[in-house]
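Residue numbers (the working numbering): 1 to 97.
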Amino acid sequence: MLAEIITIGDEILIGQIVDTNSAWMAKQLNLIGVSVKQITSVSDDEQHILSALADAETRADIILITGGLGPTKDDITKKTLAKYFDMGFRNDAGALE
């Protein structure tokens with residue numbers, strides 16, 4: 001089984017923060033016998049995220065995504081993933097309790 005990890009965030013690409021998440025994920029996947037084929041970093045840009053997902057889908061059985069979920073308005077990961085998978089959002093009152 002092959003995996004790909006996509007990290008999202010301008011702060012990673014400009015060196016503001018170090019991407020330790022993908023290293024940890026790759027190690028955990030390796031421990032259970034899943035080979036990581038590629039780790040891709042993309043900016044907080046809808047088209048970059050959509051392209052990375054489409055490309056990863058051609059290479060990997062499993063795609064893990066990390067980053068891009070902060071409080072700033074450039075963090076568009078949730079909306080972009082919903083668009084890619086043609087899904088919407090809903091509020092789950094039980095989960096909010």
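Even for Gly, the Cβ is constructed at its ideal location relative to N, Cα and C.
All values reported here derive from a predicted model rather than from experimental measurement.
Discussion item. Can you look up residue 97 in the DSSP assignment and give me helix, strand or coil?
Written reply: Position 97 of the sequence shown holds residue 97. In the displayed model, residue 97 falls within coil according to three-state DSSP, outside both helix and strand.
Worksheet entry | C-alpha gap between residue 79 and residue 3, whole angstroms | The residue given as residue 79 occupies position 79 in the sequence shown. The residue given as residue 3 occupies position 3 in the sequence shown. Taking the straight line joining both Cα atoms gives about 23 Å.
Discussion item. Does any residue of chain C have a CB that is nearer than 7 Å to the CB of residue 12?
Written reply: Protein chain content of the structure displayed is limited to a single chain, and chain C is not contained in it.
Worksheet item: So, helix, strand or coil for residue 66, using DSSP?
Response: Taking the sequence shown and counting its residues from 1, the one referred to as residue 66 is at position 66. Correct three-state label for residue 66: strand.
Worksheet item: Between which two residues does the beta strand (DSSP E) harbouring residue 12 extend?
Response: Here residue 12 corresponds to residue number 12 of the sequence shown, with the count starting at 1. Counted as a single uninterrupted DSSP element, the stretch harbouring residue 12 is not any beta strand (DSSP E) but the alpha helix (DSSP H) occupying residues 10-13.
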